[in-house]
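A.B. asks:
Numbering (our numbering), first residue to last: 18 to 379.
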């Protein structure tokens, strides 16, 4: 590996889908060499700032406008935010002098990539989802290399600069995997009932939260629930936690290795970041894709591989929700099959492959 010091500018945010894969690459860089510096450029209001700083990465926020494919009055304001974010990015890049810019999508990355391109900094983007996001479509002509998580995505970008790597996942998620009983005791969970993790992505999902509220009385009879509601998206009153046993709601969780260690099954959206983590860990999972979104394509790939139970939000009742959770927890043949099949979809050494490409382009 080169002795040249790497200065890497990581950019992404707004949701965790564009954040966690880059943290996985950062973990690989930590193993490979300490001879590098990292800086993260993210959003001002997204959930990523606290998480990134906990990883020991310096964080700078810029203004960013969301890129939408549909009519919205904010579309008239956001171009000005993107322009302002571009000038902020330009200043940050001039000062930090990165060797390379790495993004996994997200609207905050666009002004950073544009400023980097003008300043002749090599740009590397990673495509997590099967369908390209709008941000990555815009950044693709600026990138020297594009890495993708799925073979199907190779057709969406120029062949000469696109490489199949799989999706990088944080190895640290397995840090306490073998210490389930110890972690349960530490977090005050019982060994008598299975544990489920319910999450709607880093920013939460009101529809899933509503389902949980409707199902909670029955669910807590046969399992313990860890519920990541998202910031300000809980449908429960502030004192609700103390009224029901076996229910543990959190706006956000920053101890995911411990949470995954004690979790027997996961109920989540179909963001590819979450699915990639579940594949890496081999967790039996129920996925509820966001209706009319790219998540439905993600769900189809995993469902066709018999790796998840996929439920249609538009048709889903609380009774169906409860029945599927009970089935995945207590039908051991089903949970073992799901675990085995989802592991087959995990990327192999994806972060290591991307790290190698980083050193090749600087």
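Here a beta-carbon is modelled for each residue, glycine too, at the ideal position from N, C-alpha and C.
Keep in mind the model is a prediction, meaning the values are calculated, not measured.
In this structure, what does DSSP give as the bridge partners for residue 282?
C.D. replies: DSSP output for residue 282 lists 213 as bridge partner(s).
A.B. asks: I'd like to know whether the C-beta atoms of residue 226 and residue 246 end up nearer to each other than 7 Å.
C.D. replies: Contact flag set, yes.
A.B. asks: Residue 264 lies in the beta strand (DSSP E); which residues open and close that run?
C.D. replies: Counting along the chain, the beta strand (DSSP E) containing residue 264 begins and ends at 264–267.
A.B. asks: So, at 8 Å on beta carbons, what are the nonlocal neighbours of residue 180 in its own chain, with the 5 sequence-adjacent residues on each side left out?
C.D. replies: If we look at residue 180 and ignore the five residues flanking it on each side, its Cβ neighbours are 162, 163, 164, 165, 370 and 374.
A.B. asks: Mind listing, in chain order, the continuous alpha helix (DSSP H) runs of no fewer than 4 residues lying wholly within the segment 139–192?
C.D. replies: Listed in chain order, the complete alpha helix (DSSP H) runs (minimum 4 residues) inside the segment 139–192 are 151–156.
A.B. asks: What span of residues does the beta strand (DSSP E) with residue 28 cover, start to end?
C.D. replies: Residues 23–28.
A.B. asks: Which value, in whole angstroms, describes the spacing of the CA atoms of residue 51 and residue 134?
C.D. replies: Taking the straight line joining both Cα atoms gives about 27 Å.
A.B. asks: Just to confirm before moving on: does the CB-CB distance between residue 343 and residue 279 stay below 7 Å?
C.D. replies: Not a contact, by the Cβ cut-off of 7 Å.
A.B. asks: Can you check which of these residues, 127, 140 and 131, is closest to residue 119 by C-alpha distance?
C.D. replies: Here the closest residue by C-alpha is 140.
A.B. asks: Can you tell me which of the three DSSP states residue 102 falls into?
C.D. replies: Here residue 102 sits in helix by DSSP.
A.B. asks: Roughly how many whole angstroms lie between the Cα atoms of residue 231 and residue 332?
C.D. replies: Answer to the nearest angstrom: the Cα atoms are 15 Å apart.
A.B. asks: Does DSSP put residue 202 in a helix, a strand or coil?
C.D. replies: Of the three classes helix, strand and coil, the one that applies to residue 202 here is helix, per DSSP.
A.B. asks: Expressed to the nearest angstrom, what Euclidean distance is found between the alpha-carbon atoms of residue 274 and residue 295?
C.D. replies: Rounded to the nearest angstrom, the two C-alpha atoms are 12 Å apart.
A.B. asks: Do residue 207 and residue 122 have their C-beta atoms within less than 7 Å of each other?
C.D. replies: Not a contact, by the Cβ cut-off of 7 Å.
A.B. asks: From this set, 106, 217 and 289, which residue's C-alpha is nearest residue 145's C-alpha?
C.D. replies: For residue 145, the nearest C-alpha among the options comes from 289.
A.B. asks: Pairs of beta-carbons, one from the segment 259–270 and one from the segment 280–287, closer than 8 Å: are there three or more?
C.D. replies: At 8 Å Cβ cutoff, the stretches do not touch.
A.B. asks: Helix, strand or coil for residue 223? Go by DSSP, reduced to three states.
C.D. replies: Helix, per DSSP.
A.B. asks: Using 8 Å as the cut-off, can you tell me whether the segment 322–342 makes contact with the segment 296–310, which would need three or more C-beta pairs spanning the two stretches below that distance?
C.D. replies: Judged by Cβ distances under 8 Å, the segment 322–342 makes contact with the segment 296–310, as three or more pairs qualify.
A.B. asks: Along the beta strand (DSSP E) that carries residue 270, what are the first and last residues, could you check?
C.D. replies: No beta strand (DSSP E) holds residue 270; DSSP gives it neither H nor E.
A.B. asks: Which residues bound the beta strand (DSSP E) around residue 207?
C.D. replies: No beta strand (DSSP E) contains residue 207, which DSSP labels as neither H nor E.
A.B. asks: If you follow the alpha helix (DSSP H) that residue 68 is in, where does it begin and where does it stop?
C.D. replies: Per DSSP, residue 68 belongs to the alpha helix (DSSP H) from 65–71.
A.B. asks: Short of 8 Å in beta carbon distance, which residues of its chain neighbour residue 136, apart from the five on each side in sequence? Order them along the chain.
C.D. replies: For residue 136, where only same-chain residues beyond five positions count, the Cβ hits under 8 Å are 107, 110 and 111.
A.B. asks: Inspect the CB distances between the segment 24–40 and the segment 60–69 and report whether three or more fall short of 8 Å.
C.D. replies: The segment 24–40 vs the segment 60–69: in contact.
A.B. asks: Confirm, please, whether the CB-CB distance from residue 287 to residue 306 is below 7 Å.
C.D. replies: Cβ atoms of residue 306 and residue 287: closer than 7 Å.
A.B. asks: Got a sec, what are the start and stop residues for the alpha helix (DSSP H) residue 330 sits in?
C.D. replies: Careful: residue 330 lies outside any alpha helix (DSSP H) and carries neither H nor E.
A.B. asks: Exposed or buried, residue 70, counting other C-beta atoms within 10 Å across all chains shown (16 or more means buried)?
C.D. replies: Looking at its Cβ environment, which holds fewer than 16 other Cβ atoms inside 10 Å, residue 70 is exposed.
A.B. asks: Output the distance between the C-alpha atoms of residue 367 and residue 317, rounded to the nearest integer angstrom.
C.D. replies: Each residue's alpha carbon lies about 22 Å from the other.
A.B. asks: Could you give the residue range of the beta strand (DSSP E) that holds residue 76?
C.D. replies: Where residue 76 is concerned, the enclosing beta strand (DSSP E) stretches over 75–79.
A.B. asks: Spatial neighbours of residue 72 within its chain, please: CB distance less than 7 Å, with the 5 preceding and 5 following residues excluded, ordered by chain position.
C.D. replies: Result list for residue 72: 40 and 43, in chain order.
A.B. asks: In angstroms with no decimal places, state the Cα-to-Cα distance between residue 95 and residue 77.
C.D. replies: So the alpha carbons of these two residues sit roughly 19 Å apart.
A.B. asks: Got a sec, what are the start and stop residues for the alpha helix (DSSP H) residue 293 sits in?
C.D. replies: 289–298 is the span of the alpha helix (DSSP H), which, as asked, contains residue 293.
A.B. asks: According to DSSP, is residue 136 part of a helix, a strand, or is it coil?
C.D. replies: Three-state DSSP puts residue 136 in coil, outside helix and strand.
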